[in-house]
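Undergrad: Please find one structure pasted underneath; my questions will follow.
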Amino acid sequence: CVLNYILLTVLVLVHLPNSTVMDTRTATAELGWISFPANGWEEVSGYDENLNTIRTYQVCNVFEPSQNNWLLTTYIDRRAAQRIYVEIRFTVRDCASIPSVLGSCKETFNLYYLETDRTVSDGIKGVEYWANAPFLKVDTIAADESFSQVDFGGRLMKVNTEVRSFGPLSKGRGFHLAFQDLGACMSLLAVRVFYKKCPSIVQNFAFFPETLTGAESTSLVIARGSCIPNAEEVDVPIKLYCNGDGEWMVPIGSCSCKAGYEPDNGNVCRACPQGTFKSFQGPGLCQQCPPNSRSTIEAATLCGCRNGYYRGDMDKPEDLCTSVPSAPRNVVSVVNQTSVMLEWHSPRDTGHRDDLSYNLLCRRCHSNERRACQPCDDSVVFVPGKQALKETRVEISKLRAHTSYTFDIQAVNGVSNKSPYPAQQLSINITTNQAAPSAVPIMHQVSSTSRSFSLSWPPPEQPNGIILDYEIRYYDKSSVLNSSMVLSETPNVVLEGLRPGTGYVVQVRARTVAGYGAYSKDMLFQTLTDDEYKSELGQQLSLIAGSLVGGVCIVSLVAIAIICTRRRQLKESVYGDKLQHLSEGHSSPGVKIYIDPFTYEDPNEAVREFAKEIDPSCVKIEEVIGSGEFGEVYKGRLKPVGKKEIPVAIKTLKVGYSERQRRDFLSEASIMGQFDQPNIIRLEGVVTKSRPTMIITEFMENGALDSFLRQNDGQFPVIQLVGMLRGIASGMRYLAEMSYVHRDLAARNILVNSNLVCKVSDFGLSRYLEEDTSDPTYTSSLGGKIPVRWTAPEAIAYRKFTSASDVWSYGIVTWEVMSYGERPYWDMSNQDVINAIEQDFRLPAPMDCPVVLHQLMLDCWQKDRNARPKFPDIVSMLDKMIRNPASLKAGTNNMVPGPPHHPLLDRGAPDLSRVSSVEDWLAALKMTQYRDSFLGSGFTSLPLVTQITAEQLLGLSLIFYL
């Protein structure tokens, strides 16, 4: 006892961490541990250096043989810890220093533990229990130093401290510790039981909760983090690893302060004070508001411009606010007949911007009433242009002679469209001089004989005065030098005294008081031979005779006309009733509903009802621009009677068609004829009463969207691409409102005109669903003609085509636009595409694609079709992006798009020291069925196999096997 008292006075209490579950040094009363046998371990009280009472246990039965003394602690709650640490402070006496030892002296003891859910009762502990107790041994513990006797000279004996751990613990909520003495003279001075944990921490602007260590000392426990207030994720997932020593390590992912907040003291996001802003998420600090702007709130992401100052659509938040320019100065004009040259000086105030440009407004005014002005004709020519001019000079031509004009020169910059006031402008009034008439555009041959022909022509487009007469010049095409002249006061003439069967080149020009205008282009006309003239004369006589007989039939024709008119009215009434019947119950009043032309008993009636018949003489075919399923596609001109000539696209039906092919060909016109919307291709009409049968639509100068984007890769700003997508969505919204399902929405079926307006076209897929085809774009293993890469999974599996499936296709079109015409799913086969989609694979964001646009794609590709957005919602979302271009700048994806990651590359190459051929290598991967694919693709040796890429593997069709 004296020894224990001396030793206990030198113990120094250490700071106890929160993870301690038992510590005998803090006990003020008896510990109450269970000992066996009764003469074994003995509880003893002592004092520490501060005279605090502490409890210890000692045993020293070395003089008796066969010792087996047990000491069992009270129940210890492990508090969900999986690994427990035990710190034991003890002393052991050297057996050699004990004289006359009769038993077997030891200098070690054993440590055990027992997992349980409840406290072990003291009343059942007999010899049999301790002999068979289900204890698990932790270790045999030996002292580093032992003592031989007490030195009363003041020298203190050293205390041994040993730490042991055990686990994993999982069978109960707690445990008991047991100490076994087999014949030592020792004292247990203190026992501390604890577990380790990683403390709660804020790191990389993320909070990680307190985390217990793992079951093994080498275990790493994952702790998920969450962003602190006013911070947002940068990389996900956000996590730390807690190691066995209770230390954090291997940070993954992070958060950063969101826009309007800056980092403070490393792990706090502080709101930007008034007068400052931060427009982006990240580590940057708040900035002072740029000149001419201010922020009156905290956490501002943008400083608002002061009155009279604006920020342009493409300006950055840190750019200063600017103003509109003042008016141009000192305009000078030079008039030359019907042309004028204007020059001016730039404004004194450019609004502190470098994107200054000029617009010209032209008005034609009556000389006697200056206020009665109207916009200039479209024929007036501006060089280099009249909008967005960078130079301070323009030449204007093709004005009218003796006419007053007013030209307004506007100075505009990048914020002129933001100002509520009109652009400041400089105006100038000029009057054109006398000018000769313009050239006669064309001549027509009215009639011809063997020695004469009659010609007529329209007046010049710009007569520039009263036409006094016309001068006609003509000559034999084989004798250019011998020309003749004839004058005519009217726009027609008969040239006589010509040779039979001869070609003559003819030109004409008009004359006013200002003189002659330019000659028209050379036109070649042919006289008839004598035989041709006689034959034509005979035909004319026959016609005259026939007209006499025709008079007899007039009454009959009138009667037939009346009957046909009544029958046609009757048919129109029938089909009008059909239209009304099909529309009932499907739309609200005033909403037009699409009618399937195949519901008509005679599909030709649908063509007559929905498509305008065009006289073939009004159509001029110019050149082939492509080929369709039914025939060639041409570019041409359409000149309706009394209207301006326009360019058109002409689809023709090839020779030798069947009646079914003709019906299917014209059904597209029956569909298009029902639509009238700026983003739907416009049907001009059809030609069905002569050959070839034609469908005539408006001409789209830039062709199909996919090829147009590939030709202009990277040339457009994102906002312009969004504008094109908005047009497509607007057209699809219109079709959805008409209850029409497109079924083949893809970039190849979107046409682009010269103003980059996108229009939905190709309304023929519905007829293909019962047919098979060899076209890989449309063929699926399920049979039928389906564009697999663009089609929703329910449409592929169950032929369930709805507006929701069109929305899926629109998501693919959006991906095509943002990737500038990249092929969806790259070189994957159609079956691989179907498998990938069923496994929830979705196309990644194209390079530089804004996050909001890729999220729109993912929304369109929801597996549940009811969860996809509707087309009106898509149009609304795109409108918001266009109104807020900043949303298209943040969070772009700069990864190069490519096929999904290939799992084979993750496996690593096999050990080449154990294989000697490509066949062995494939066998090691259990892929011998791909031997022919590898060897046939040139991978014939192991060095070549080690250089294989993910794209090459994709080409070998291995991705879904893996």
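Just so you know, we're using the numbering used here here: the sequence shown kicks off at 32 and counts up by one.
From the three backbone atoms N, C-alpha and C, an ideal C-beta is built for every residue, glycine too.
Predicted model only: the values in this text are computed from it and were never measured.
Can you say whether alanine 403 is buried or exposed, counting buried as having 16 or more other CB atoms within 10 angstroms of its CB?
TA: When all chains shown are included, alanine 403 counts as exposed.
Undergrad: Applying the 10 Å Cβ sphere with the 16-neighbour rule, what's the burial state of serine 50?
TA: With 16 or more Cβ atoms within 10 Å of its Cβ, serine 50 is classed as buried.
Undergrad: Flag this pair as yes or no: are the beta carbons of glycine 214 and phenylalanine 239 separated by less than 9 Å?
TA: Contact: no.
Undergrad: Using DSSP bridges, identify the partner residues of leucine 678.
TA: The amino acid occupying residue 678 in the given sequence is proline; leucine does not appear at that position. DSSP lists Arg668 as partners of proline 678.
Undergrad: Using only alpha-carbon positions, find the residue among Arg896, Gln751, Arg722, Lys790 that is nearest to methionine 345.
TA: For methionine 345, the nearest C-alpha among the options comes from Gln751.
Undergrad: Buried or exposed for phenylalanine 236, please, with buried defined as at least 16 other CB atoms from any protein chain shown within 10 angstroms of its CB.
TA: Under this definition phenylalanine 236 is a buried residue.
Undergrad: Skipping 5 residues on each side, what residues in its chain have a beta carbon closer than 7 Å to that of serine 797?
TA: A caution first: serine 797 carries a pLDDT of 44, below 50, which makes its placement in the model unreliable, though a value can still be read off. Around serine 797: Arg774.
Undergrad: Buried or exposed for tyrosine 160, going by 16 or more other Cβ atoms inside 10 Å?
TA: Tyrosine 160 should be labelled exposed.
Undergrad: Could you check what DSSP says for leucine 909 in three-state terms: helix, strand or coil?
TA: Leucine 909 falls in the helix class under three-state DSSP.
Undergrad: Determine whether the beta carbon atoms of arginine 56 and alanine 173 lie at a separation below 9 Å.
TA: Against a cut-off of 9 Å, the Cβ pair of alanine 173 and arginine 56 comes out as no contact.
Undergrad: Taking 9 Å as the threshold (C-beta atoms), are tyrosine 292 and methionine 1 in contact?
TA: Residue 1 lies beyond the residue range present for the chain, which begins at 32 and ends at 993; the question has no answer from this structure.
Undergrad: Buried or exposed for lysine 674, going by 16 or more other Cβ atoms inside 10 Å?
TA: The residue is exposed, with fewer than 16 neighbouring Cβ atoms inside 10 Å.
Undergrad: Just confirm the distance between the C-beta atoms of isoleucine 865 and isoleucine 817, as a whole number of angstroms; I'd bet it's less than 8 Å.
TA: Actually they are not in contact, since the Cβ atoms of isoleucine 865 and isoleucine 817 sit about 10 Å apart, beyond 8 Å.
Undergrad: Can you list the alpha helix (DSSP H) stretches of 4 or more residues lying completely in the segment 284 to 327, in chain order?
TA: None, since the segment 284 to 327 contains no complete alpha helix (DSSP H) of that length.
Undergrad: For a minimum of 3 consecutive residues, which ranges assigned as the beta strand (DSSP E) are wholly contained in the segment 327 to 367?
TA: Entirely contained in the segment 327 to 367, the beta strand (DSSP E) runs reaching 3 residues are, in chain order, 360 to 367.
Undergrad: Please give me, in chain order, every unbroken run of the alpha helix (DSSP H) with length at least 4 that falls completely inside the segment 733 to 771.
TA: DSSP runs (the alpha helix (DSSP H)) wholly in the segment 733 to 771: 736 to 742, 749 to 768.
Undergrad: Does DSSP put threonine 463 in a helix, a strand or coil?
TA: Three-state DSSP puts threonine 463 in coil, outside helix and strand.
Undergrad: Answer yes or no: do alanine 432 and alanine 549 have a C-beta to C-beta separation smaller than 9 Å?
TA: Cβ distance not < 9 Å, so alanine 432 and alanine 549 don't count as in contact.
Undergrad: By DSSP, does aspartate 439 sit in helix, in strand, or in coil?
TA: Aspartate 439 falls in the strand class under three-state DSSP.
Undergrad: Would you grab the beta carbon distance between phenylalanine 121 and methionine 217 for me? Rounded to a whole angstrom, and I think it's under 8 Å.
TA: Contact flag correct, Cβ pair sits at about 6 Å.
Undergrad: Straight-line CA distance for glutamate 660 to glycine 734?
TA: Their backbone Cα atoms lie some 17 Å apart in a straight line.
Undergrad: Counting pairs of beta carbons, one from the segment 522 to 535 and one from the segment 554 to 562, are three or more of them closer than 8 Å?
TA: A contact exists between the segment 522 to 535 and the segment 554 to 562.
Undergrad: Where do the N-terminal and C-terminal ends of the alpha helix (DSSP H) with glutamate 555 fall, by residue?
TA: Checking the sequence, you will find leucine at residue 555 rather than glutamate. Run containing leucine 555: none in the alpha helix (DSSP H); it sits in the beta strand (DSSP E), 554 to 557.
Undergrad: Within 9 Å (strictly less), CB to CB, does valine 686 reach chain D?
TA: Here there is only one protein chain, and chain D is not present.
Undergrad: Quick one: Cα of methionine 731 to Cα of alanine 680, how far?
TA: Their backbone Cα atoms lie some 8 Å apart in a straight line.
Undergrad: Near alanine 997, which residues of its chain fall below 6 Å by C-beta distance, leaving aside the five closest residues on each side in sequence?
TA: Absent from the model: residue 997. The displayed extent of the chain is 32 to 993, so no value can be given.
Undergrad: Terminal residues of the continuous beta strand (DSSP E) containing proline 522?
TA: That residue, proline 522, is in no beta strand (DSSP E); it is neither H nor E in DSSP.
Undergrad: Do the CB positions of isoleucine 115 and phenylalanine 210 come within less than 9 Å of each other?
TA: No, the pair does not count as a contact, with Cβ atoms beyond the cut-off.
Undergrad: Which runs of the beta strand (DSSP E) spanning at least 3 residues fall entirely within the segment 200 to 253, listed in chain order?
TA: Whole beta strand (DSSP E) segments, 3+ residues: 205 to 212, 216 to 225, 232 to 234, 237 to 239.
Undergrad: Judging by CA-CA distance, which residue of Ile702, Gly667, Arg691 is the nearest neighbour of isoleucine 727?
TA: Comparing Cα positions, the closest option is Gly667.
Undergrad: Is the distance from the Cβ of glycine 762 to the Cβ of valine 791 below 9 Å?
TA: Contact flag set, yes.
Undergrad: Got a sec? Which residues, its chain only, sit under 8 Å from glutamine 89 by beta carbon, not counting five neighbours each side?
TA: Here the set comprises Asn35, Trp72, Glu73, Val75, Met217, Ser218, Leu219.
Undergrad: DSSP three-state call for valine 446: helix, strand or coil?
TA: Three-state DSSP puts valine 446 in coil, outside helix and strand.
Undergrad: At what residue ranges does the segment 68 to 117 contain a whole run of the beta strand (DSSP E), taking only runs of 3 or more?
TA: Runs found: 73 to 78, 84 to 91, 100 to 103.
Undergrad: Tell me the DSSP secondary structure of isoleucine 498 in three-state form.
TA: Correct three-state label for isoleucine 498: coil.
Undergrad: Rank Val366, Asp175, Pro453, Ser515 by C-alpha distance to the C-alpha of isoleucine 461 and give the top, closest one.
TA: For the residues Val366, Asp175, Pro453, Ser515, the minimum Cα distance to isoleucine 461 belongs to Val366.
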